[in-house]
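Colleague: Quick note, the sequences are listed as chains S and E, same order. Residues in the first sequence are numbered from 39 upward in steps of one, following the working numbering. Residues in the second sequence are numbered from 39 upward in steps of one, following the working numbering. Got a structure for you, questions after.
Number of protein chains: 2
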Amino acid sequence: MAITTLGYALLGLLARESYSGYDLGRQLKAPIGFYWHARYSQIYPELAKLEAEELAIFEVVEQHDLPAKKVYTITEKGREALKEWVTAATDLPPMRDELILKTFSLWLADPEQAIALFHQQIELHTKQLQHYEEFERKLEEDKEDVSNSFSPLFATYATLKVGLDYERMYIQWCHWTIAQLERTGTSLQKG
Amino acid sequence: MAITTLGYALLGLLARESYSGYDLGRQLKAPIGFYWHARYSQIYPELAKLEAEELAIFEVVEQHDLPAKKVYTITEKGREALKEWVTAATDLPPMRDELILKTFSLWLADPEQAIALFHQQIELHTKQLQHYEEFERKLEEDKEDVSNSFSPLFATYATLKVGLDYERMYIQWCHWTIAQLERTGTSLQKG
DNA sequence: TCCCTCATGTAAAAGGTTACATGATTTA
DNA sequence: TAAATCATGTAACCTTTTACATGAGGGA
Numbered sequence: 039m040a041i042t043t044l045g046y047a048l049l050g051l052l053a054r055e056s057y058s059g060y061d062l063g064r065q066l067k068a069p070i071g072f073y074w075h076a077r078y079s080q081i082y083p084e085l086a087k088l089e090a091e092e093l094a095i096f097e098v099v100e101q102h103d104l105p106a107k108k109v110y111t112i113t114e115k116g117r118e119a120l121k122e123w124v125t126a127a128t129d130l131p132p133m134r135d136e137l138i139l140k141t142f143s144l145w146l147a148d149p150e151q152a153i154a155l156f157h158q159q160i161e162l163h164t165k166q167l168q169h170y171e172e173f174e175r176k177l178e179e180d181k182e183d184v185s186n187s188f189s190p191l192f193a194t195y196a197t198l199k200v201g202l203d204y205e206r207m208y209i210q211w212c213h214w215t216i217a218q219l220e221r222t223g224t225s226l227q228k229g
Numbered sequence: 039m040a041i042t043t044l045g046y047a048l049l050g051l052l053a054r055e056s057y058s059g060y061d062l063g064r065q066l067k068a069p070i071g072f073y074w075h076a077r078y079s080q081i082y083p084e085l086a087k088l089e090a091e092e093l094a095i096f097e098v099v100e101q102h103d104l105p106a107k108k109v110y111t112i113t114e115k116g117r118e119a120l121k122e123w124v125t126a127a128t129d130l131p132p133m134r135d136e137l138i139l140k141t142f143s144l145w146l147a148d149p150e151q152a153i154a155l156f157h158q159q160i161e162l163h164t165k166q167l168q169h170y171e172e173f174e175r176k177l178e179e180d181k182e183d184v185s186n187s188f189s190p191l192f193a194t195y196a197t198l199k200v201g202l203d204y205e206r207m208y209i210q211w212c213h214w215t216i217a218q219l220e221r222t223g224t225s226l227q228k229g
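So, in structure tokens, the structure goes:
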């Protein structure tokens, strides 16, 4: 059976260090989760598949005061599969951004409500950007490794960079759209 | 039953003019399809649902030399539903870009193969950008309407603008990543 | 006492892709 | 003659989300 993209996302984390399913779920919030999100209900069955195909193995770790956990470790087979996948050609991703879809029908909307929508989006994306910037500051403390392309920190930074660039671009576009709406929308309708 | 996002994508097109399922499928390639993609196997059943809920109606149009088609028209109910949806608050989209996921594990890769991957991506995104730029040129011919926020052309241009900005940002990031890989990757491994 | 965190899952439903099915006309 | 375009769909499968299920320990 072929490995799913989620499978590679999990292997990508396990190639750096061993994690339990629960910890993988938290990692899939930051920083990878900013790019590839999954719920526990998808993660646990996926880990079982990885284990069945011998791409990862687990060890049960008992804890005092906390429930036992299954700590997964990548196998050599898993590392090879990941390595092969990393440089394989990829198609353009299918873009599915609801705000952009809404923008296509923005001409139907009351401009003031439309402006409110874009302000809400600026808020969300600014929060996201701030998470990235905080993460960037943390990365810069281990500065030596970031420029070495064989270091995981380099890869983390390259991933983070596109996130930073994306959010800044997106926020700028929201501001531009608001400016357009304010210039032609509000005065015409209410004036 | 709630309307799906694809349903709104179709209504967004039908709010501008009537289309057959086949024509909607082609529209979902450009310009909306750049942001919201769907196959015919998803479009036809979705249109049947819209019709069942009286958000759109169809008329069979016979053609000489070509098969008959069902031309769908949005209803007042459909237009109202679309209008309400347009300005409703939206969450951050779940980003699922395989290249960015691969970038997270780039430290495992042979730098020369990694560079080749990013060159391939620059090619794909440059092609996409050129489509956008061509579309922009066409839009500029009807210049008067683009600045009026109640005109569909304004909405189209706002949608297009984020596409242009996104692709330019993305291509820049690919170049940046290649530069990093060339600086530290290639000499170390083979030198 | 109630909610949050830790920890692992299953079941059902929704959303999306791939493959299949049909059939006429036009273009290479 | 073969492939592409027009035109509409169904079936099977895969991916993702939502809801359900359990249970211990710690903090407000």
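Think of the CB as a built atom: it goes at the ideal place given N, C-alpha and C, for glycine as much as any other residue.
For alanine 40 of chain E, report the span of its alpha helix (DSSP H) as first-last.
Modeller: Taken as a continuous stretch (DSSP letters only), alanine 40 of chain E belongs to no alpha helix (DSSP H), as it is neither H nor E.
Colleague: Tell me which residues share the same chain as glutamate 97 of chain E and place their Cβ nearer than 6 Å to its Cβ, disregarding the 5 neighbours each side in the sequence.
Modeller: Hits under 6 Å: Val109.
Colleague: Just how far apart, CA to CA, sit alanine 53 of chain E and lysine 140 of chain E?
Modeller: Taking the straight line joining both Cα atoms gives about 39 Å.
Colleague: Buried or exposed for glutamine 65 of chain S, going by 16 or more other Cβ atoms inside 10 Å?
Modeller: When all chains shown are included, glutamine 65 of chain S counts as buried.
Colleague: For alanine 86 of chain E, which of helix, strand or coil comes out of DSSP?
Modeller: Alanine 86 of chain E: helix per DSSP, three-state reduction.
Colleague: Return yes when at least one heavy atom of the ligand COA lies under 7 Å from the C-beta of tryptophan 214 of chain S, else no.
Modeller: For the ligand COA, the structure offers nothing, since it holds no ligand at all.
Colleague: Could you please give me the residues that DSSP links to valine 99 of chain E through a beta bridge?
Modeller: Valine 99 of chain E pairs with E:Lys107.
Colleague: What are the residues in the segment 211-224 of chain E lying within 8 Å of chain S by C-beta distance?
Modeller: Against chain S - using a Cβ distance shorter than 8 Å - the residues of the segment 211-224 of chain E are Trp211, Trp214, Thr215, Gln218, Leu219, Arg221, Thr222 and Gly223.
Colleague: Exposed or buried, which one is glycine 229 of chain S when buried takes at least 16 other CB atoms within 10 Å?
Modeller: Unreliable positioning characterises glycine 229 of chain S in this predicted model, as indicated by a pLDDT of 35, which lies under 50. The coordinate reading is nonetheless provided below. Exposed.
Colleague: I need the straight-line Cα distance from arginine 117 of chain S to alanine 126 of chain S, nearest angstrom please.
Modeller: Those two C-alpha atoms are separated by around 15 Å.
Colleague: Who are the Cβ neighbours of threonine 197 of chain E in its own chain at under 6 Å, not counting the five residues just before and after it?
Modeller: Nothing meets the Cβ criterion.
Colleague: Based on the DSSP output, what are the partners of tyrosine 57 of chain E in its beta bridges?
Modeller: BP columns for tyrosine 57 of chain E point to E:Tyr110.
Colleague: According to DSSP, is alanine 94 of chain E helix, strand or coil?
Modeller: Alanine 94 of chain E falls in the strand class under three-state DSSP.
Colleague: Which class does alanine 196 of chain E belong to by DSSP, given the choice of helix, strand or coil?
Modeller: Looking at alanine 196 of chain E - three-state DSSP - the assignment turns out to be helix.
Colleague: Using a Cβ-Cβ cutoff of less than 8 Å, which residues in the same chain neighbour tyrosine 73 of chain S once the five nearest sequence positions on both sides are dropped?
Modeller: These residues qualify, in order along the chain: Thr197 and Gly201.
Colleague: Tell me which residue opens and which closes the alpha helix (DSSP H) that threonine 164 of chain S is part of.
Modeller: Note, threonine 164 of chain S: alpha helix (DSSP H), 149-179.
Colleague: Counting only the same chain and skipping the five closest in sequence on each side, list residues whose C-beta sits under 7 Å from that of tyrosine 60 of chain S.
Modeller: Lys107, listed in sequence order.
Colleague: What did DSSP end up calling glycine 229 of chain E once you bin it into helix, strand or coil?
Modeller: The pLDDT assigned to glycine 229 of chain E is 36, lower than 50, so where the model puts this residue is not dependable; a value taken from the coordinates is nonetheless given after this. Three-state result, glycine 229 of chain E: coil.
Colleague: So for cysteine 212 of chain S, helix, strand or coil by DSSP?
Modeller: Note: cysteine 212 of chain S maps to helix in three-state DSSP.
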